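Peer 1:
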Amino acid sequence: MAEPILEVDALHSFYGKAHILNGLSFSVGRGEVVALLGRNGAGKTTTMKSVMQLVRPREGKVRFGGEDITGWPAHRVARRGLGYVPEERRIFTDLTILENLEVGRQARREGAPFWTVEALFELFPNLSERRHNRGKAMSGGEQQMLTIARTLMGNPGLLLLDEPSEGIAPVIVEQMARTILRFKDEGLTVIISEQNLHFARAVADRAVIIEGGEKKFDGSFAELENHPEIRDAYLSV
Amino acid sequence: MGLLIAQLLTGLANAAALFLVASGLSLIFGVTRIVNFAHGSFYMLGAYIGLTLMNILPGHVGFWGSILLAGIAVGLIGVVVEILVLRPIYRAPELFQLVATFGVILVIQDLTLMTWGAEDQLGPRAPGLRGVIRILGEPVPLYDLALIGITPFVLFGLWWLITKTRLGVLVRAATQDREMVGALGVNQSWLFTGVFFLGSALAGLGGAIQLPKGGADLLMDFNIIAAVFVVVVIGGMGSLPGAFIASVLISVLNVFGVAYLPSSTLVLMFVVMAIVLTVRPFGLLGREEVAGEHGQVGEPERPIRPFGLTGRLIFGAIVLALALLPLYGSPFAQVLITDIVIFCLFAASLQFILASGGLVSFGHAMFFGGGAYVSALAVTYADTPMELAFLLAPLGAGLIAILVGWFCIRLSGVYFAMLTLAFSQLIWSLVFQWGEVTGGDDGLVNIWPAAWLSDTTAYYLFTLLVGLGGIVFLRHVIHSPFGYALRATRDSARQAEATGIDVRRVQWVAFAFAGMMAGLAGGLFVFSKGSIFPNELEIAKSFDALIVVFLGGVKTLSGAVVGGAFFESVKDWLTRLEYWRLVLGLVIIGVVIVAPEGIVGTARRVGERLGLVKEGEGTR
Ligand SMILES: Nc1ncnc2c1ncn2[C@@H]1O[C@H](COP(=O)(O)OP(=O)(O)OP(=O)(O)O)[C@@H](O)[C@H]1O
Ligand SMILES: [Mg+2]
């Protein structure tokens, strides 16, 4: 593995009294694409939120680029170069597409790809045509593109994509896969959470499987092929 | 025709200041979700600061410059308030925030009094705009025309700021999803502070710009806040165009009201609001509010327990001591305790609807004063015997609560709070303006108890019986199946619905019941004093009860009783201080930030820590 850009170290996260992450550890190398896999309720989203500090881990550490970011407010984490694309997308429906992008805009960042509005419209031509429309009447795929574009406006060095293929037409899923591969080419580090194993295999270098907030597998997809029992136990295929 | 146009112009001119203040409140609410009760205080500060500056700075530039500077100064004061008072409590339940901003009102009132004195101040007239011009024969002040001319620019300026600048984009995004804006790298604290600056500055501008028409006085804060709430609620919370339309609507209506229905000006505004909300519960341009955290206060509630043995013994001892008071206490002590018991019952009825119902009522005085007025009217006009008239107090108040409840229950959170406040203002203005019947400002006098109760001691014992009986009854209802159903509607309306509870009906009945018990307290009150005045219906009276419940500890009925007793006992002493509002305001703010469980909650926590009280046991 290349030098790690993100290290998650023995994380424990809670919602009230519910213990969700149970000593989870993994790390991600610079330029790597890692797929976070697991069934519904396994804790994928909670992991991403804990990395972003949207959920404050009660124990454990998150290090980004060698710096301990545990306990930081989320906006500071984002300003350090972590980009988060939530599962529910959460686009601002009262704002136009251009304005949605404006909310995400941050200054250029050393060591991370730089995105302009025009570059993003080139990447997602569907958005370009509707740039002055409000976010209200958009398809699931368009919403997904907009959330990703909005996050990229912050020029992150690490992108957290929570279930990017969920609820999108198959054609668009394929397009999405190509887009993620392109991010990798640009030098972006990406973590995606997925239920769609096929999609994950197409874009990711490595799989991390979690269940009940614990890591059950960490390795390449080739390795995973050799252990069908792991797949059957922790993934719903 | 000329008259009509002149009146229309006056209305539009009045709308200018109202819109400035209302848009500020709306803006702050949209982003921070805080209903800033102190917004009227910022308006008042704007007027005083503007006035002082106008006396220093000469000429045209001085006049208009003063208005601008007053806006900026008030904006900065708003920032101080935001950082010191609100930042620590953004995550606290709505009620705490509302109470904290009420503390700010008190503090600002006394600071204003200290700085500028108690006399009303006349506003200077605008240089170059002193005269009137005639339009179709009717005189119209030039300054009115100037205000009408300015308003579109203000509206345009705000529109530009909100739609065309990055700040505006962030404000609109935050109005929808604050957390997401943070996750995209925007520091919310500064966004909130910025919005607070802007909103407060708008209130300050409003206060300064109306100086030539209205001057400055110490009642401005309360006088405008009801109108501003009406405007914001009618327009839709968080909507600037809505605030604009509603400001114009209300101001124009007011002017025509003054001309054609002079005794109903105040009432009219609330009637319009009631109509609008019946048709569109979230205002003309508002959108449905996501239910916030209402009555739930901080950490989860402890399970309710019946009084333990110790609790019963203590309660019994207190009752006995009070009942025997005439044997050892002075008549003065009896009068004082009569007042205290009445106030405790009133506060307990509010605590019931607030904590068990999760319905934060801001107009509870309408039932207290309403009940008292029903009795007083019955005595004055029908020579009703006291015993019967006394019973009419809770019945009358309950009836008012049924009517008002029909409108209010359909809303929740801040909308509910505002609507109850508006209705209490409606009833206050009815009583205040309908002088022929209610005596208006002079009140109704000579409302004495029957002969067998006319003695101080007799009435004291009567109050003790009815008042404590009422409190015990409230407690009983809290622990009855109805009380459990009510708490279920509070915790999750949807789940309650699923278990077969008719949520609206349960809440409505509870609201009416709380109103009835407040009316009972009002009945006790009117016959103990022999008179009733409109101030028993005022916002301030409702706030007294809220503060008491809050200081005592929101979660328990005993909190309301302890708070009520504490407040009534210190009030006498406190109000002798020159700047008692300042003290009270600071205490309130301090309690919100430091000891949000109130007296009873904090005492119990300390007791638990010291091992005096067992975990979970104690008074309820
Ligand atoms: N806000 C919350 N409060 C309480 N529990 C929650 C909350 N959000 C999630 N949970 C619980 O935490 C557990 C993990 O949820 P999480 O959303 O992280 O799973 P996930 O792997 O992302 O699932 P999915 O594939 O369905 O998105 C689940 O049991 C869920 O019910
Ligand atoms: Mg998820």
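Listed in order, the protein sequences are those of chains S and H.
Everything in the first sequence is counted per my numbering, starting at 449 for the first residue and increasing by one.
Everything in the second sequence is counted per my numbering, starting at 54 for the first residue and increasing by one.
We put the CB at the ideal spot given by N, CA and C, even for glycine.
All figures in this text were calculated on a predicted structure; none of them were measured in a lab.
1) Sorry if obvious, but does the Cβ on residue 495 of chain S come closer than 7 angstroms to a heavy atom of ligand 2?
2) When you compare only the Cα positions, how much space is there between residue 516 of chain H and residue 65 of chain H?
3) One question on the structure: do residue 572 of chain S and residue 613 of chain S come within less than 8 angstroms of each other, judged by their Cβ atoms?
4) Quick check on residue 169 of chain H: buried or exposed, where buried means 16 or more other Cβ atoms within 10 Å of its Cβ?
5) Considering Cα atoms alone, identify which of S:634, S:607 and S:504 is closest to residue 483 of chain S.
6) In chain H, which residues lie less than 7 angstroms from residue 602 of chain S when you measure between Cβ atoms?
7) Could you tell me which residues DSSP pairs with residue 462 of chain S in its beta bridges?
8) Just confirm the distance between the C-beta atoms of residue 578 of chain S and residue 620 of chain S, as a whole number of angstroms; I'd bet it's less than 8 angstroms.
9) Leaving aside the five residues before and after residue 67 of chain H along the sequence, list all residues of the same chain whose C-beta is less than 6 angstroms from its C-beta, in chain order.
10) What would DSSP say about residue 673 of chain H, mapped onto helix, strand or coil?
11) Measure from the alpha carbon of residue 273 of chain H to the alpha carbon of each residue in H:611, H:597, H:166 and H:565, then state which is nearest.
12) Where does residue 659 of chain S sit, in a helix, a strand or coil, going by DSSP?
13) Sort H:650, H:293 and H:568 by Cα distance to residue 602 of chain H and report the nearest one.
14) Under 7 angstroms, CB to CB, which of the residues in the region 481 to 503 of chain S have a partner in chain H?
15) Tell me, please, which residues DSSP counts as bridged to residue 584 of chain H.
16) State whether the region 80 to 97 of chain H contacts the region 279 to 293 of chain H, with contact taken as three or more CB pairs (one from each stretch) at a distance under 8 angstroms.
17) Residues in its own chain within less than 6 angstroms of residue 466 of chain S by CB, not counting five upstream and five downstream?
18) For residue 320 of chain H and residue 449 of chain H, what's the separation of their Cα atoms in angstroms?
19) Are the beta-carbon atoms of residue 278 of chain H and residue 443 of chain H separated by less than 8 angstroms?
20) Return the residue from the list H:613, H:248 and H:405 that minimises the CA-CA distance to residue 533 of chain H.
21) Buried or exposed for residue 92 of chain H, going by 16 or more other Cβ atoms inside 10 Å?
22) Determine the chain S residues that contact residue 232 of chain H at a beta-carbon separation under 9 angstroms, and present them in chain order.
23) Strictly by DSSP, which residues pair up with residue 269 of chain H?
24) I believe residue 675 of chain H touches residue 296 of chain H by the beta-carbon criterion, under 8 angstroms. Please report the beta-carbon distance rounded to the nearest angstrom.
25) Taking 7 angstroms as the cut-off, is the C-beta of residue 150 of chain H nearer than that to any heavy atom in ligand 1?
26) With a threshold of 8 angstroms, are at least 3 pairs of Cβ atoms found where one atom belongs to the region 594 to 605 of chain S and the other to the region 558 to 573 of chain S?
27) Counting contacts by CB-CB distance shorter than 8 angstroms, is residue 636 of chain S in contact with chain H?
28) Express the C-alpha separation of residue 613 of chain H and residue 642 of chain H in angstroms, rounding to a whole number.
29) Tell me which residues of the region 550 to 582 of chain S have at least one Cβ-Cβ distance to chain H shorter than 9 angstroms, keeping chain order.
30) Measuring only between beta-carbons, confirm whether residue 645 of chain H sits less than 8 angstroms from chain S.
31) At a CB distance below 7 angstroms, what residues from the region 210 to 224 of chain H approach chain S? Give them in sequence order.
32) Ligand 1 and residue 475 of chain H: does the residue's C-beta get closer than 7 angstroms to at least one heavy atom of that ligand?
33) Going by other Cβ atoms of all chains shown within 10 Å of its Cβ, with 16 needed for buried, is residue 563 of chain S buried or exposed?
34) Step through the CB atoms of chain H and report whether any lies within less than 8 angstroms of the CB of residue 526 of chain S.
35) Could you give the distance in angstroms between the alpha-carbon of residue 210 of chain H and the alpha-carbon of residue 258 of chain H?
36) If contacts are defined as beta-carbon pairs under 8 angstroms, then residue 691 of chain S and residue 651 of chain S qualify, I think. What distance do you get, rounded to the angstrom?
Peer 2: Looking at the coordinates:
1) As a working mapping, residue 495 of chain S is identified with position 47 in the first sequence. The answer is no for residue 495 of chain S.
2) Start at 1 with the first residue of the second sequence, and residue 516 of chain H comes out as number 463. Start at 1 with the first residue of the second sequence, and residue 65 of chain H comes out as number 12. Those two C-alpha atoms are separated by around 51 angstroms.
3) Looking up residue 572 of chain S in the first sequence gives position 124. Looking up residue 613 of chain S in the first sequence gives position 165. Their beta carbons are not under 8 angstroms apart, which means residue 572 of chain S does not touch residue 613 of chain S by this criterion.
4) The residue given as residue 169 of chain H occupies position 116 in the second sequence. Buried, by the Cβ-count rule.
5) Counted from its first residue, the first sequence places residue 483 of chain S at position 35. Selected option, being the one with the closest Cα: S:607.
6) Here residue 602 of chain S refers to the residue found at position 154 of the first sequence. In chain order: 237 and 238.
7) Locating residue 462 of chain S in the first sequence gives position 14, counting from the first residue. Its beta-bridge partners are S:467.
8) Within the first sequence, residue 578 of chain S is the residue found at index 130, counting from 1. Within the first sequence, residue 620 of chain S is the residue found at index 172, counting from 1. Their Cβ separation, rounded to whole angstroms, is 15 angstroms, which puts residue 578 of chain S and residue 620 of chain S out of contact at 8 angstroms.
9) Here residue 67 of chain H is taken as the residue at index 14 of the second sequence, counted from 1. Around residue 67 of chain H: 304.
10) On the second sequence, residue 673 of chain H is found 620 positions in, with the first residue counted as 1. Here the model assigns residue 673 of chain H a pLDDT of 38, short of 50, so the residue's position is not dependable, and the following value carries that caveat. In this structure, residue 673 of chain H counts as coil in the three-state DSSP scheme.
11) On the second sequence, position 220 is the one that residue 273 of chain H refers to. Per the Cα distances, H:166.
12) Taking the first residue of the first sequence as 1, we reach residue 659 of chain S at position 211. Looking at residue 659 of chain S - three-state DSSP - the assignment turns out to be strand.
13) For the purposes of this step, residue 602 of chain H is identified with residue 549 of the second sequence, where counting begins at 1. Minimum Cα distance to residue 602 of chain H is reached at H:650.
14) 500 and 502
15) Start at 1 with the first residue of the second sequence, and residue 584 of chain H comes out as number 531. Answer by DSSP bridge pairing, in chain order: H:498.
16) yes
17) Locating residue 466 of chain S in the first sequence gives position 18, where the first residue counts as 1. Result list for residue 466 of chain S: empty, nothing under 6 angstroms.
18) Looking up residue 320 of chain H in the second sequence gives position 267. Looking up residue 449 of chain H in the second sequence gives position 396. Approximately 20 angstroms, taken between the alpha carbons.
19) In the second sequence, the residue the question calls residue 278 of chain H occupies position 225. In the second sequence, the residue the question calls residue 443 of chain H occupies position 390. Result no, Cβ atoms of residue 278 of chain H and residue 443 of chain H do not sit closer than 8 angstroms.
20) Taking the second sequence and counting its residues from 1, one reaches residue 533 of chain H at position 480. When only C-alpha atoms are compared, the closest one is H:405.
21) Taking the second sequence and counting its residues from 1, one reaches residue 92 of chain H at position 39. Classification for residue 92 of chain H: buried.
22) Within the second sequence, numbered from 1, the residue matching residue 232 of chain H stands at position 179. Going along chain S in sequence order, the residues near residue 232 of chain H (Cβ under 9 angstroms) are 502, 522 and 538.
23) For the purposes of this step, residue 269 of chain H is taken as residue 216 along the second sequence, with counting starting at 1. For residue 269 of chain H, which the question treats as bridged, DSSP gives the partners H:174.
24) This structure does not reach residue 675 of chain H, given that chain H is present from 54 up to 673, and the question cannot be answered.
25) Start at 1 with the first residue of the second sequence, and residue 150 of chain H comes out as number 97. No, Cβ of residue 150 of chain H sits at least 7 angstroms from all heavy atoms of ligand 1.
26) Contact between the region 594 to 605 of chain S and the region 558 to 573 of chain S is present, because at least three Cβ pairs lie under 8 angstroms.
27) Locating residue 636 of chain S in the first sequence gives position 188, where the first residue counts as 1. Not one chain H Cβ lies under 8 angstroms of residue 636 of chain S.
28) Reading the second sequence from its first residue, position 589 is the one you call residue 642 of chain H. Reading the second sequence from its first residue, position 560 is the one you call residue 613 of chain H. Each residue's alpha carbon lies about 18 angstroms from the other.
29) 550, 551, 552, 553 and 554
30) Looking up residue 645 of chain H in the second sequence gives position 592. False, the Cβ-Cβ gap to chain S never drops below 8 angstroms.
31) Cβ contacts with chain S: 219, 222 and 223.
32) For this step, residue 475 of chain H is matched to residue 422 along the second sequence. Incorrect: residue 475 of chain H has no Cβ contact closer than 7 angstroms to ligand 1.
33) Stepping through the first sequence from its first residue, residue 563 of chain S is reached at position 115. It is buried - the Cβ of residue 563 of chain S has at least 16 other Cβ atoms within 10 Å.
34) Along the first sequence, read from residue 1 onward, the residue named residue 526 of chain S stands at position 78. Answer yes: the Cβ-Cβ gap between residue 526 of chain S and chain H drops below 8 angstroms somewhere.
35) Counting from 1 along the second sequence, the entry for residue 210 of chain H is found at position 157. Counting from 1 along the second sequence, the entry for residue 258 of chain H is found at position 205. Answer to the nearest angstrom: the Cα atoms are 14 angstroms apart.
36) As displayed, chain S neither begins before 449 nor continues past 685, which places residue 691 of chain S out of reach and without an answer.
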